[in-house]
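Residue numbers (our numbering): 184 to 609. The structure under discussion appears below in the form of structure tokens.
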Ligand code: HEM
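Dropping the structure here:
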């Protein structure tokens, strides 16, 4: 009996050892990530983060997109040089003429409107993706309006498809993923005037930066625009609309921060349009465009989970959960309430739970100005184009207009959403 138990034990240990080793060899995740919803634990994990701990869960991106950037490297010299390059770019964008940036966004949206002005429906998510990608190409690579719309469409569509495919365990050997990557790289080569015959080296791949900037921005721009333009109570909407219009007229980092109360808006609206139809039921409403952006990033953090692998254990820090927890944010945690930020900005404890740009190590370098300014300007330009007689249509119409729940946050959520003009005035 003892011999039998002994043999069984040896067999179990050997099998476990084999499974463990083959896990290492194939780079497979050995265990499902532990979901972290406790703030202190989340902060501790982020504090302990190393390049290795971030690169491991991001290995799939290396194969899927053919990239090598801050999120995937394990070597500190590579990380240092990549960060130096990005910080230089960010400094340049910060000092750009934001009026020119806003005018460019306006022109791109106008270019996409086409037949929509005359009653055709317009697909909202592809429109936002298109505008955001063109802005990223312009700001971070100095690429003008030359790229064909078709190539911009291929890049946005393939990024989404590949991201979703790469999550499957067998992704690395999935022929569909390889085919999608080939099409994506071909479009990138056309846009960046690279030789079609040569393959793109991972460290030189423009996707290294495109993925960081475009992927995060478009989802929050789309949701912030929907909240402000279609889901807010009408009195609030006129207030938000006014501060967004002011940002369009004066697109500066200072204007982004100006917190305006509703009475000032009311005076501006009466001066421009006479007595507005809808007067807010909260005359104390005190909001800046930065508050609209901060609230959108709270309710819809583009990085919903931050992944780390430490001591052979994978963790997924549930940023979205922390951003929506009523124990932290109160009864209105699930609602879009930008006015909360005028009070919150002094509450250091609550702000620890706010981590759209991560926390502790590897904090996003675009967090202070460039990301909020881009989101603010893009939402302002979209609002200017679509405020008034446009309505939401399509499959997710009910979810957008009548639900008390936050909008769908997943990558492919809200894909079927359309905008359609209600009245055509010639
Ligand atoms: C809404 C916009 C953005 C959001 C929500 C965002 C979010 C984040 C998050 C959560 C991280 C940490 C990820 C991790 O460590 O696993 C990060 C890091 C980073 N982000 Fe952003 N990001 C945004 C825009 C941008 C833009 C426009 C750029 C410019 C290229 C950028 C460049 C970077 C870089 C280089 C890092 C790595 C930092 C490091 O390794 O020290 N991000 N971002």
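Note that beta-carbon positions come from the ideal geometry of N, C-alpha and C, so glycine has one too.
Ranked by how close their Cα comes to the Cα of residue 333, the residues 519, 405 and 374 have 374 in first place.
The beta carbon of residue 541 sits closer than 7 Å to at least one heavy atom of ligand 1. Taking the C-beta atoms as reference points, residue 238 is found nearer than 8 Å to residue 255. In the three-state DSSP reduction, residue 574 falls in the strand class (E or B).
Non-local C-beta neighbours of residue 436 in its own chain, meaning closer than 7 Å and more than five positions away in sequence, comprise 552 and 556, ordered along the chain.
A direct Cα-to-Cα measurement between residue 524 and residue 537 gives close to 12 Å. When the beta-carbon positions are compared, residue 444 and residue 482 stay at least 8 Å from each other. In this structure, the straight-line span from the alpha carbon of residue 330 to that of residue 546 is close to 32 Å.
Spatial neighbours of residue 580 in its own chain (CB-CB distance under 8 Å, excluding positions within 5 residues in sequence) are listed in chain order as 600. Bounds of any alpha helix (DSSP H) do not take in residue 303, whose DSSP letter is neither H nor E. For residue 437, there is no enclosing beta strand (DSSP E); the residue is found in the alpha helix (DSSP H) stretching over 436-440. Shown here, residue 422 sits in a helix according to DSSP, grouped into three states. In this structure, residue 537 has its CB at a distance of at least 7 Å from all heavy atoms of ligand 1. For the pair residue 539 and residue 383, the Cα-to-Cα distance works out to about 31 Å.
Leaving aside the five residues that flank residue 338 on each side, the residues in its chain whose CB is nearer than 8 Å to its CB run, in chain order, 316, 367, 370, 371, 374 and 393. Taking 8 Å as the cut-off, the Cβ atoms of residue 519 and residue 425 do not count as close. In the structure shown, residue 581 falls within a helical segment according to DSSP collapsed to helix, strand and coil. Inclusion of residue 341 and residue 431 in the CB contact set at 8 Å is not warranted, their separation being larger than that value.
Between the stretch 504-521 and the stretch 233-252, the count of C-beta pairs closer than 8 Å stays below three; the two stretches do not touch.
Residue 591 sits close to residue 597, with the two beta carbons spaced by under 8 Å. Annotation for residue 416 indicates a beta carbon at 7 Å or more from all heavy atoms of ligand 1. The stretch 215-226 makes contact with the stretch 496-514: 3 or more CB pairs, one atom from each, lie closer than 8 Å. The C-beta distance from residue 349 to residue 243 rounds to 5 Å, short enough to fall under 8 Å. Cβ atoms of residue 405 and residue 307 come within 8 Å of each other, at about 7 Å. Following the DSSP letters along the chain, one finds residue 400 inside the alpha helix (DSSP H) bounded by residues 390-409. In this structure residue 558 does not touch residue 412 by the C-beta definition: roughly 14 Å separates them, more than the 8 Å allowed.
By DSSP's assignment, residue 532 forms no beta bridge with any residue.
As the crow flies, the alpha-carbon of residue 532 is around 38 Å from that of residue 352.
Closest in alpha carbon position to residue 583, among 477, 336, 414 and 475, is 414. Within the stretch 292-367, the alpha helix (DSSP H) runs of at least 4 residues that lie entirely inside it are, in chain order, 307-324 and 332-348. Partner residues in the beta bridge of residue 602, as assigned by DSSP, are 305 and 575. Excluding five sequence positions before and after residue 440, the CB atoms of its chain that fall closer than 7 Å to its own CB belong to 471 and 473, given in chain order.
The criterion of a C-beta distance shorter than 8 Å is not satisfied by residue 319 and residue 427.
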